[in-house]
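The numbering of the sequence shown is this note's numbering, which starts it at 1 and goes up by one.
We treat Cβ as the ideally placed atom computed from N, Cα and C, and that holds for glycine.
For reference, the structure discussed in these notes is given below.
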Amino acid sequence: MRQAVFVAPAERDEGDRMRRAHAAAARQFQVAASGPEVWGWQGRTLGRRAGNCWLRVVSAEVDKAGGRLWEGTATADTHVPRSVPRPRLRGVLDWTSPDVAYRAELTEYVSVPPVTSVTPALEQDVMLPDSWWTELKSALGALATVPTDRESVRQNWVDRNFRHFLGIDPVRIRETTTGHADLHWANLTRAPLIILDWENWGRLPVGYDPGLLHAYSLAAPTTAARIRREFAHVLGTDAGRTGELVALAQLLQACSRGVHPTLAPLIARRAQELTRTPVPTP
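Right under this line is the structure:
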């Protein structure tokens with residue numbers, strides 16, 4: 001699972017390379033980039049406001065470019081119904097250097113701020129109107145109806161990792177749906193709701209999206225309780241429990257790499273509540 005970090009790469013050369021690529025894309029799209037930089041996981045992406053648009057550049061080694069994550073924003077724009085609130089795609093630009101491939105995506109700028117801007121997780125409870133929760137449930141319901149062969153979560157990941165991170169035998173994913181796959185608080189705006197960052201959308205276990213958002217809310221108990229209440233019809237089922245366990249296991253994998261150190265024990269505690277099995281210590 002990709003984790004946002006919002007800081008430039010540790011290696012200066014890598015940061016400068018991405019800034020040059022972003023500037024080149026801005027020239028091609030004839031827009032002027034401004035405002036703060038927003039970096040993705042390990043400096044793989046760089047986004048900045050560009051007038052009434054948002055310009056984001058993603059890079060990869062030439063032999064690793066393309067595929068599901070590379071094409072996610074573009075495929076979401078054409079496949080996901082407009083009833084799911086998200087930024088519209090204005091243009092896509094691809095190019096390569098000798099060793100690196102780039103994709104630039106120009107989308108409409110969203111003026112409503114995300115719920116969090118520094119971390120995907122809540123550090124304290126957030127007050128959102130009832131209409132916001134209704135919009136979120138409606139959006140996820142509409143997304144669930146979208147047919148796609150994109151796989152965001154695979155059974156073989158569960159088979160390889162459940163014992164290591166949850167201490168239990170792998171479960172079988174028997175019910176799937178189409179979901180966002182990166183549903184956290186930096187990808188959700190305050191009212192009116194807009195869902196950001198669509199590179200990972202696709203088929204995933206029922207319960208994964210609300211289970212992931214709930215995990216990112218564990219330091220904010222009132223908000224976490226609201227999620228359990230709003231999505232009880234999903235999380236309270238056997239299939240929903242499976243999806244939540246997959247989300248927790250993937251977050252525990254991220255925590256094992258040093259991400260979200262303060263959230264890690266809360267995620268482990270939630271996993272133990274569901275499995276009645278102690279989470280293995282690192």
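Answer with buried or exposed for residue 277, where buried requires no fewer than 16 other C-beta atoms within 10 angstroms of its C-beta. In the sequence shown, the residue the question calls residue 277 occupies position 277. So residue 277 counts as exposed.
Just to confirm, is the Cβ distance from residue 131 to residue 204 under 8 Å? Stepping through the sequence shown from its first residue, residue 131 is reached at position 131. Stepping through the sequence shown from its first residue, residue 204 is reached at position 204. No, the Cβ-Cβ distance between residue 131 and residue 204 is not below 8 Å.
Along the beta strand (DSSP E) that carries residue 186, what are the first and last residues, could you check? Numbered from 1 along the sequence shown, position 186 holds the residue referred to as residue 186. Neither: residue 186 is in no beta strand (DSSP E) and is coded neither H nor E.
For residue 230, which residues of its own chain have a beta-carbon under 7 Å away from its beta-carbon, when the five flanking residues on both sides are left out? On the sequence shown, residue 230 is found 230 positions in, with the first residue counted as 1. Once the five neighbours on either side are set aside, the close Cβ partners of residue 230 are 133, 137.
Please go through the segment 17 to 81 and give each complete beta strand (DSSP E) segment of 3 or more residues, from N-terminal end onward. Assignment of beta strand (DSSP E) within the segment 17 to 81, counting only whole runs of 3 or more residues, yields 33 to 39, 45 to 50, 53 to 61 in chain order.
Whole angstroms are fine: how far does the CA of residue 219 sit from the CA of residue 243? Reading the sequence shown from its first residue, position 243 is the one you call residue 243. Reading the sequence shown from its first residue, position 219 is the one you call residue 219. So the alpha carbons of these two residues sit roughly 20 Å apart.
Relative to the C-alpha of residue 73, which residue among 267, 180, 247, 251 is closest? As a first step, residue 73 is located in the sequence shown; it is residue number 73 there, counting from the start. When each option's Cα is compared against that of residue 73, the closest is 180.
Between the Cα of residue 206 and those of 188, 222, 238, 184, spot the shortest distance and give me the residue it belongs to. As a working mapping, residue 206 is identified with position 206 in the sequence shown. Residue 238 is the option with its Cα nearest to residue 206.
Buried or exposed by the 16-neighbour rule on C-beta atoms within 10 Å, applied to residue 59: Position 59 of the sequence shown holds residue 59. Buried: at least 16 other Cβ atoms inside 10 Å.
For residue 57, the nearest candidate out of 217, 172, 105 (CA to CA): The count along the sequence shown starts at 1 and reaches residue 57 at position 57. Comparing Cα-Cα distances from residue 57 to each of 217, 172, 105, the minimum goes to 105.
Can residue 245 and residue 171 be called in contact, C-beta distance under 8 Å? Counting from one through the sequence shown, the residue named residue 245 turns up at place 245. Counting from one through the sequence shown, the residue named residue 171 turns up at place 171. Contact flag set, yes.
Coil, strand or helix - residue 208 by DSSP: For the purposes of this step, residue 208 is taken as the residue at position 208 of the sequence shown. DSSP places residue 208 in helix when its eight states are reduced to three.
DSSP on residue 105, reduced to helix/strand/coil? Here residue 105 is taken as the residue at index 105 of the sequence shown, counted from 1. It is a strand residue.
Apart from the five residues on each side of it in sequence, which residues of its chain come closer than 8 Å, Cβ to Cβ, to residue 279? What you label residue 279 is simply residue 279 of the sequence shown in a count that begins at 1. Excluding residues up to 5 positions away in sequence, 165, 166, 167, 252, 268, 271, 272 lie with their Cβ nearer than 8 Å to the Cβ of residue 279 in the same chain.
Suppose the cutoff is 7 Å on Cβ atoms and the five residues either side in sequence are ignored; what does the same chain contact list for residue 188 look like? Counted from its first residue, the sequence shown places residue 188 at position 188. A distance below 7 Å between beta-carbons, with the five flanking residues on each side excluded, links residue 188 to the following residues of its chain, in chain order: 114, 115, 195.
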